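What follows is a short report on a single structure.
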Amino acid sequence: MMTQPQAGDETAEGFVAASSIDDVRRLVRQARAQSRRIGCVPTMGALHAGHVSLFEVCRRHADFIVATIFVNPTQFGPQEDFQRYPRPLADDLRAAQAAGVDLVFTPDAETIYPEGFDTFVEVGGLSSVLEGEIRPGHFRGVATVVLKLFQIVQPDVAVFGAKDYQQQAVLRQMTRDLNLPVEIVTALTIREPDGLAMSSRNAYLSPKERKSALVLSESLALAAARLANGDFDLGAIATAMREHLASGAGVQPEYALIVDPDTLEPLSAPQPRMTALVAARLGTTRLIDNREIVLDEPS
Ligand code: AMP
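Its first residue numbered 0, the sequence shown is counted upward by one per residue in numbering that gives the first Met the number 0.
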């Protein structure tokens, strides 16, 4: 009879789920003693094909893959979806095992934030614009938990999704500024067949909202097409993106911008590499998406 992996169990294939820091440290030490390169993929669970692709990318850079599953309270605002965020742990453990993850770290909130916890990481300017402006304190929570996860797992490499574009930019800056010995890899956004970026939050969408949500990826495609056609009026393109977002039934646009890929500053003139970013609200659900735009070299 197949038994499903439970936290703390070690299966014949070597898959382990651990909820204590000591267990994680011990297992990572063992892997390192076997000269294995340690990779880490932080997640909040409710795993989907986007997360699985991160595990696969991680496997190309490391040979002991640690996935972390932790719905991090400090990155949610008081009015946000912390309570209702999906937590299908048994499904997640099965998905992680099937995807070749070696160790899943599933700490509870007290393990990460014990009584008296009072130290936070603030990444400067990058944290205060766009998502940071709309979600004050969000990146402080993200940077703090990721630094803690890095301290616990001590990975050689960590993989984040381009889907959360600003997040990977903030974490790259933290890694650089604090001299963390971790290579940061950013993996491509995985999409549904119709173009919607996969997200654990897509589960909140009603069938009607799910249809409307397509305006996010469409507005990014619109920007890419206009730039590819030699239309370099970035202000007009951003306006058209925003209008396209607003054309979706029940969609409230939050931002639609073309920015520098590293500084995230809005651009007034085109450059070889740009990133188009959008955010919108559909009912009680917030969705974000982005697309890298590379202009062809003039031949
Ligand atoms: P989350 O569980 O939503 O916090 O995401 C965990 C990691 O998965 C983050 O690095 C995300 O950027 C990444 N991720 C989420 N959705 C996708 C996606 N559709 N494609 C690629 N990576 C993703």
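For each residue, glycine too, the CB sits at the ideal point set by N, CA and C.
Bear in mind the structure is a predicted one, so any value in this text is a computation, not a measurement.
DSSP, reduced to helix, strand and coil, places Met173 within a helical segment of the structure shown. Under the three-state reduction of DSSP output, Arg134 falls in the coil class, being neither helix nor strand. Within the region 229-285, the complete beta strand (DSSP E) segments of 3 residues or longer fall at 250-258, 272-281, listed in chain order.
The nearest non-hydrogen atom of the ligand AMP is 7 angstroms or more from the C-beta of Gly249.
Taking every protein chain shown into account, the CB of Glu130 has 16 or more other CB atoms within 10 angstroms, so this residue is buried.
Per the DSSP secondary-structure output, Leu102 pairs in a beta bridge with Val15, Val65.
Distances taken from the Cβ of Met273 to the heavy atoms of the ligand AMP include none shorter than 7 angstroms. With a contact defined as Cβ atoms closer than 8 angstroms, Leu281 and Ser211 qualify at about 6 angstroms.
Remark: the C-beta of His60 is outside contact range of the ligand AMP, defined as less than 7 angstroms to any heavy atom. Annotation for Phe119: no alpha helix (DSSP H) segment contains it, and DSSP assigns it neither H nor E. By the criterion of a C-beta distance shorter than 8 angstroms, Gly49 is surrounded in its chain by Gly160, Lys162, Thr188, Ile189, Ala196, Met197, Ser198, once the five residues flanking it on both sides are discounted.
Phe159 is bridged by DSSP to Thr185. Per DSSP, the unbroken beta strand (DSSP E) holding Gly38 starts and ends at 37-42. The ligand AMP never approaches Phe75 closely enough for any of its heavy atoms to be under 7 angstroms from the residue's Cβ.
Checking the 7 angstroms criterion, the Cβ of His50 is within range of a heavy atom belonging to the ligand AMP. The region 233-247 makes contact with the region 255-262, as at least three CB pairs between them are under 8 angstroms.
Taking the Cα positions, Ala66 is about 28 angstroms away from Leu263. Gly38 sits buried, since 16 or more C-beta atoms from the chains shown fall within 10 Å of its C-beta.
Shown here, Ala212 sits in coil according to DSSP, grouped into three states, outside any helix or strand. Under DSSP, Arg59 shares a beta bridge with no residue. Within the DSSP bridge table, the entry for Arg290 names Ala275 as partners.
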